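Number of protein chains: 2
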Amino acid sequence: MKRSVAIDMDGVLADVESHFFEWYKRDYGVSLTLQDIIGKTEDDAFPEKMVIRKFATTPGFFTTVPVMPGAIEAVKKLMEDFEVYVVSAAMEFPQSLSEKRIWLTEHFPFISWRNIIFCGDKSIISTDFMIDDHIKNLDYFKGKTILFNAFHNVSYHHHTRANNWDEVLALMQESLL
Amino acid sequence: MKRSVAIDMDGVLADVESHFFEWYKRDYGVSLTLQDIIGKTEDDAFPEKMVIRKFATTPGFFTTVPVMPGAIEAVKKLMEDFEVYVVSAAMEFPQSLSEKRIWLTEHFPFISWRNIIFCGDKSIISTDFMIDDHIKNLDYFKGKTILFNAFHNVSYHHHTRANNWDEVLALMQESLL
Numbered sequence: 076m077k078r079s080v081a082i083d084m085d086g087v088l089a090d091v092e093s094h095f096f097e098w099y100k101r102d103y104g105v106s107l108t109l110q111d112i113i114g115k116t117e118d119d120a121f122p123e124k125m126v127i128r129k130f131a132t133t134p135g136f137f138t139t140v141p142v143m144p145g146a147i148e149a150v151k152k153l154m155e156d157f158e159v160y161v162v163s164a165a166m167e168f169p170q171s172l173s174e175k176r177i178w179l180t181e182h183f184p185f186i187s188w189r190n191i192i193f194c195g196d197k198s199i200i201s202t203d204f205m206i207d208d209h210i211k212n213l214d215y216f217k218g219k220t221i222l223f224n225a226f227h228n229v230s231y232h233h234h235t236r237a238n239n240w241d242e243v244l245a246l247m248q249e250s251l252l
Numbered sequence: 076m077k078r079s080v081a082i083d084m085d086g087v088l089a090d091v092e093s094h095f096f097e098w099y100k101r102d103y104g105v106s107l108t109l110q111d112i113i114g115k116t117e118d119d120a121f122p123e124k125m126v127i128r129k130f131a132t133t134p135g136f137f138t139t140v141p142v143m144p145g146a147i148e149a150v151k152k153l154m155e156d157f158e159v160y161v162v163s164a165a166m167e168f169p170q171s172l173s174e175k176r177i178w179l180t181e182h183f184p185f186i187s188w189r190n191i192i193f194c195g196d197k198s199i200i201s202t203d204f205m206i207d208d209h210i211k212n213l214d215y216f217k218g219k220t221i222l223f224n225a226f227h228n229v230s231y232h233h234h235t236r237a238n239n240w241d242e243v244l245a246l247m248q249e250s251l252l
């Protein structure tokens with residue numbers, strides 16, 4: 076039986092960071108880069124408080140987010156050896172539920188609806204591996220964890236870090252040895 | 076720490092059986108009762124194949140389903156002693172995602188978004204208890220199971236059965252002893 080892996084959406088499959096920069100430039104006229112926000116929390120990343128929450132509750136945000144570079148090919152590759160589940164904390168923003176489902180169908184049509192989970196917190200998710208950019212999701216997880224690099228998690232060092240999808244694949248391949 | 080319980084929506088919190096009868100009478104002009112469908116599968120319950128699937132994919136079906144008698148009071152009572160999660164297999168019917176979220180907010184506003192999970196299959200859900208009307212969800216569950224009575228599950232006897240919410244409460248109270 077294949078081992079199971081729970082893969083997060085925002086910041087892992089979906090490049091929300093780029094999308095925030097793009098919408099911020101569009102709406103506030105200011106170009107920010109990773110250097111401007113690295114090490115900050117999501118709440119403090121932009122000069123105006125609640126920018127991220129505002130964008131995340133705007134219809135269309137989650138249908139138009141770009142795919143994280145390398146994610147599609149990497150997930151296809153992972154599915155050869157693992158039972159892949161997409162596990163996204165979508166419940167806080169109700170409009171994101173259908174948008175995220177549409178986005179997955181568009182970009183990851185090879186993932187069955189049976190393997191998609193939209194939740195609030197992730198505390199009752201039980202898989203062998205979890206790949207996520209949020210410490211809060213990984214800290215209480217009982218399986219093996221991979222922290223996907225993001226501006227808000229650079230100061231944490233208690234989970235194995237992957238800087239990109241190539242590094243995720245290498246770590247997961249190692250686990251098969 | 077409170078023990079956790081995963082509660083299904085359709086057929087457990089939501090009285091989909093009554094709703095199917097109501098819509099069937101409205102659309103086909105025929106009044107059916109429990110005696111007409113008891114022991115049948117969901118696919119074979121109605122003379123016209125796929126009636127259930129047709130209704131389940133019709134906008135408005137899941138926002139207008141009545142609450143299962145006793146469910147609201149019972150869930151409030153359960154929350155005193157257990158960490159309650161709502162776990163619904165909503166992913167097959169994309170339009171049901173937002174409808175189920177709206178329905179929960181309307182009828183169970185005291186359940187936090189953190190404790191709501193919409194999934195495909197339920198195989199990676201890990202709680203201490205699961206209350207569900209579908210054998211397929213309970214059979215692979217590692218915790219304690221309660222089968223909520225429904226027309227399509229009357230011939231199965233390998234899970235503890237509860238015929239209504241009073242019986243669920245009694246079983247859950249027993250587990251505290």
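The listed protein sequences correspond, in order, to chains A and B. Mind the numbering: the first sequence is residues 76 to 252 in the working numbering, read in order. Mind the numbering: the second sequence is residues 76 to 252 in the working numbering, read in order. Built from N, CA and C at the ideal position, the CB exists for glycine as well. All values reported here derive from a predicted model rather than from experimental measurement.
Original post:
Along chain A, in chain order, which residues have C-beta atoms closer than 9 Å to that of glycine 135 of chain B?
Top reply: Within the second sequence, residue 135 of chain B is the residue found at index 60, counting from 1. Going along chain A, no residue has its Cβ under 9 Å from glycine 135 of chain B, so there is no contact; the nearest lies around 15 Å.
Original post:
Using a C-beta cutoff of 8 Å, does proline 141 of chain B count as contacting chain A?
Top reply: Position 66 of the second sequence, counting from 1, holds the residue named residue 141 of chain B. No, no contact with chain A.
**OP:** Rounded to whole angstroms, what's the CA-CA distance from valine 126 of chain B to histidine 232 of chain A? Just pull it up for me.
**Re:** Sequence index remark: in the second sequence, residue 126 of chain B carries index 51 (1-based). Sequence index remark: in the first sequence, residue 232 of chain A carries index 157 (1-based). So the two alpha carbons sit approximately 53 Å from each other.
Subject >> Partners in chain B for tryptophan 188 of chain A, counting only beta-carbon separations shorter than 7 Å >> reply: Locating residue 188 of chain A in the first sequence gives position 113, counting from the first residue. Here the neighbours are Met166, Glu167 and Gly195.
Subject >> Cβ contact (3+ pairs, closer than 8 Å) linking the stretch 176 to 192 of chain B and the stretch 216 to 230 of chain B >> reply: In this structure the stretch 176 to 192 of chain B does not touch the stretch 216 to 230 of chain B; the number of beta carbon pairs closer than 8 Å is below three.
**OP:** Could you tell me the boundaries of the alpha helix (DSSP H) in which phenylalanine 223 of chain B lies?
**Re:** By one-based count along the second sequence, residue 223 of chain B stands at place 148. Counting along the chain, phenylalanine 223 of chain B sits inside no alpha helix (DSSP H); it lies in the beta strand (DSSP E) bounded by residues 219 to 223.
Original post:
Per DSSP, what kind of secondary structure is glutamate 148 of chain B in: helix, strand or coil?
Top reply: The sequence position of residue 148 of chain B within the second sequence is 73, counting from 1. Correct three-state label for glutamate 148 of chain B: helix.
Subject >> Minimum C-alpha distance to leucine 88 of chain B - residue among B:Asp241, B:Glu249, B:Leu251 and B:Gln248 >> reply: As a first step, residue 88 of chain B must be located in the second sequence, where it is residue number 13. Closest in alpha carbon position to leucine 88 of chain B, among B:Asp241, B:Glu249, B:Leu251 and B:Gln248, is B:Asp241.
**OP:** If I'm right that phenylalanine 183 of chain A touches valine 150 of chain A with Cβ under 8 Å, what's the distance once you round it to whole angstroms?
**Re:** Along the first sequence, one-based indexing puts residue 183 of chain A at 108. Along the first sequence, one-based indexing puts residue 150 of chain A at 75. For a cut-off of 8 Å, the C-beta gap from phenylalanine 183 of chain A to valine 150 of chain A is around 6 Å, short enough to register as a contact.
Original post:
Does leucine 153 of chain A have its Cβ less than 8 Å from a Cβ in chain B?
Top reply: Within the first sequence, residue 153 of chain A is the residue found at index 78, counting from 1. Against chain B, the CB of leucine 153 of chain A has no partner CB under 8 Å away; the residue lies outside that interface.
Original post:
From B:Ile199, B:Ile112 and B:Glu97, pick the residue whose C-alpha is nearest to that of aspartate 203 of chain A; which is it?
Top reply: By one-based count along the first sequence, residue 203 of chain A stands at place 128. Taking the Cα of aspartate 203 of chain A as reference, the smallest distance to any Cα among B:Ile199, B:Ile112 and B:Glu97 is reached at B:Ile199.
Original post:
beta strand (DSSP E) containing serine 173 of chain A: first to last residue?
Top reply: Walking along the first sequence from the start, residue 173 of chain A turns up at place 98. Where serine 173 of chain A is concerned, there is no enclosing beta strand (DSSP E), although the alpha helix (DSSP H) it sits in stretches over 170 to 182.
Original post:
Expressed to the nearest angstrom, what Euclidean distance is found between the alpha-carbon atoms of isoleucine 147 of chain A and glutamate 158 of chain B?
Top reply: The residue you call residue 147 of chain A lines up with position 72 of the first sequence. The residue you call residue 158 of chain B lines up with position 83 of the second sequence. Straight-line Cα distance between these residues: approximately 36 Å.
Subject >> Proximal chain B residues relative to serine 79 of chain A, where beta-carbon distance stays under 9 Å >> reply: As a position in the first sequence, residue 79 of chain A is number 4, starting the count at 1. By Cβ distance, chain B contributes Ser198 and Ile199.
Subject >> chain E residues whose Cβ lies nearer than 8 Å to that of arginine 176 of chain B >> reply: Note that chain E does not occur in the displayed structure, where the protein chains are A and B.
Original post:
Within 8 Å (strictly less), CB to CB, does threonine 202 of chain A reach chain B?
Top reply: Position 127 of the first sequence, counting from 1, holds the residue named residue 202 of chain A. Yes - at least one Cβ of chain B is within 8 Å of the one on threonine 202 of chain A.
Subject >> Close Cβ partners of arginine 236 of chain A (< 7 Å) along its chain, the five nearest in sequence each way excluded >> reply: Walking along the first sequence from the start, residue 236 of chain A turns up at place 161. The beta carbon of arginine 236 of chain A is closer than 7 Å to those of Leu222 and Asn224 in its chain, skipping five residues each way along the sequence.
Original post:
Are the C-beta of tyrosine 160 of chain A and some C-beta of chain B separated by less than 8 Å?
Top reply: Position 85 of the first sequence, counted from the start, is the residue given in the question as residue 160 of chain A. For tyrosine 160 of chain A, the answer is yes, since a Cβ of chain B falls inside 8 Å of its Cβ.
Original post:
What residues are listed by DSSP as bridge partners for valine 162 of chain A?
Top reply: Counting from 1 along the first sequence, the entry for residue 162 of chain A is found at position 87. Answer is A:Ile192, bridged to valine 162 of chain A.
Original post:
At least one CB of chain B closer than 8 Å to the CB of isoleucine 192 of chain A: is that the case?
Top reply: Position 117 of the first sequence holds residue 192 of chain A. Yes, isoleucine 192 of chain A lies at the interface with chain B (some Cβ there is under 8 Å from its Cβ).
Original post:
How is the beta strand (DSSP E) around valine 80 of chain B delimited, first residue to last?
Top reply: Sequence index remark: in the second sequence, residue 80 of chain B carries index 5 (1-based). That run of the beta strand (DSSP E) goes 78 to 82.
**OP:** Taking 8 Å as the threshold, find out whether the stretch 76 to 86 of chain B comes into contact with the stretch 99 to 109 of chain B through three or more Cβ pairs.
**Re:** Not touching, per the Cβ criterion.
Subject >> Alpha-carbon spacing of serine 230 of chain A relative to alanine 120 of chain A, whole angstroms >> reply: As a working mapping, residue 230 of chain A is identified with position 155 in the first sequence. As a working mapping, residue 120 of chain A is identified with position 45 in the first sequence. For serine 230 of chain A and alanine 120 of chain A, the distance between alpha carbons rounds to 15 Å.
Original post:
Going by the beta-carbon positions, is the gap between leucine 172 of chain A and serine 250 of chain B smaller than 8 Å?
Top reply: Locating residue 172 of chain A in the first sequence gives position 97, where the first residue counts as 1. Locating residue 250 of chain B in the second sequence gives position 175, where the first residue counts as 1. No, Cβ-Cβ distance for leucine 172 of chain A and serine 250 of chain B is not below 8 Å.
**OP:** Within 10 angstroms of the Cβ of valine 140 of chain A, are there 16 or more other Cβ atoms? Answer buried if so, exposed if not.
**Re:** Residue numbering aside, residue 140 of chain A sits at position 65 when the first sequence is read from its first letter. Taking a 10 Å sphere around the C-beta of valine 140 of chain A, we find 16 or more other C-beta atoms and assign the residue as buried.
Original post:
So which of B:Tyr215, B:Met205, B:Glu117 and B:Asp90 has the shortest CA-CA distance to phenylalanine 137 of chain B?
Top reply: Here the question's residue 137 of chain B lines up with position 62 in the second sequence. Selected option, being the one with the closest Cα: B:Asp90.
Original post:
Contact check, aspartate 208 of chain A vs asparagine 238 of chain A under 8 Å by CB: the rounded distance?
Top reply: Taking the first sequence and counting its residues from 1, the one referred to as residue 208 of chain A is at position 133. Taking the first sequence and counting its residues from 1, the one referred to as residue 238 of chain A is at position 163. Actually they do not touch by this definition, with Cβ atoms about 11 Å apart.
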